[in-house]
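In terms of the numbering used here, the sequence shown is residues 1 to 250.
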Amino acid sequence: MDTKTLGSGDHVVLCLHGWYGSADGWGMLPGVADGGAFTWVFPDIRGYGARRGETGAFTMEEVAEDSVALADRLGADRFSVLGHSMGGKAAAWLQHIAADRVRSLVGVNPVPPAPTPLDEQGKGLFFGAADDPTKRRTIIDLTTGNRHRDAWLDQMVASSTSTADRDAFAGYAESWINGDFHDQLGEPGVPTLLVVGETDPALSAEVMEQTWLQWYPNASLVTLPACGHYPMFEAPLALLDVVEPFLREH
1 MDTKTLGSGD HVVLCLHGWY GSADGWGMLP GVADGGAFTW VFPDIRGYGA
51 RRGETGAFTM EEVAEDSVAL ADRLGADRFS VLGHSMGGKA AAWLQHIAAD
101 RVRSLVGVNP VPPAPTPLDE QGKGLFFGAA DDPTKRRTII DLTTGNRHRD
151 AWLDQMVASS TSTADRDAFA GYAESWINGD FHDQLGEPGV PTLLVVGETD
201 PALSAEVMEQ TWLQWYPNAS LVTLPACGHY PMFEAPLALL DVVEPFLREH
């Protein structure tokens, strides 16, 4: 099954995972989320998890289009979307193409809907990660502030390499790093919550202020202490303490 569903609430929340994620890659969050008020939907994107072997363009736009099709299959006329990392960039396009259906948007350490600036060393690291598990590990360690134990880093790398096709992983990197559609969004009025971990140097509060908060007039920003790029693993309760009240408002 390529989609995990939790809860039975009227408020449907589509959760789009990140580059290292999958339908199962949400840490403790599904186990402690409120299933009475919400129906949480955790799909695999193409090339990941139960969808390994599927072909596609492997772009943020395709992820968004697939998500609309999933909402149709679920009979969800209205829904919120939560995107982690590159899933946040895909969520921005999803909201754009289905603006009348998206109740609210939550970005968790979200990649902005614009190119990600990387120097030559950064390009070598990120574009080389598809073929080099050591580079995948370096990225996870870097974006969580070089503060977590080796066993967890190794586990994250093992999960990534076992749940994502190589070509999908590489294709999504090209899309989330170089893709640019922020100038097509207009000024989205959708209620938007941006959540970042304070030890994530790549997608920091400063980056959110320079990008998302410039383009989304109805956006707010929360920084979670003592975690980095993976709050669903590092601080799931603190993450939900911020996200669920926001979703209840909308």
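Using N, Cα and C, we set each Cβ at its ideal position, and we do this for glycine too.
Own chain residues within Cβ distance below 7 Å of residue i, not counting five before or after
i   : result
D77 : R101
Pairwise C-alpha distance: residue j and residue i
i    : j    : result
Y230 : A92  : 19 Å
L213 : Y20  : 25 Å
L105 : A219 : 9 Å
D24  : P117 : 29 Å
D131 : L16  : 24 Å
G75  : A238 : 31 Å
T199 : C227 : 6 Å
V68  : E187 : 21 Å
Close Cβ partners of residue i (< 6 Å) along its chain, the five nearest in sequence each way excluded
i    : result
I45  : V63
F246 : L193
Residues bridged to residue i (per DSSP)
i    : result
C15  : L82
F257 : It is not possible to answer for residue 257, since the shown part of the chain is limited to 1 through 250.
K4   : F42
A219 : T192
Y251 : Outside the shown range of the chain (1 to 250) lies residue 251, about which nothing can therefore be said.
Contacts around residue i, its chain only, beta-carbon distance under 8 Å, and the 5 residues preceding and following it disregarded
i    : result
E244 : A33, D34, A37 and F38
A173 : W19, F126, F127, A129 and A130
R51  : D2, D44 and I45
Terminal residues of the alpha helix (DSSP H) in which residue i lies
i    : result
A170 : R166 to N178
A57  : From DSSP, A57 is part of no alpha helix (DSSP H); its letter is neither H nor E.
P30  : L29 to V32
E209 : A205 to Q210
In chain order, what are the residue ranges of uninterrupted beta strand (DSSP E) at least 3 long that sit wholly in the region 94-133? 102-108
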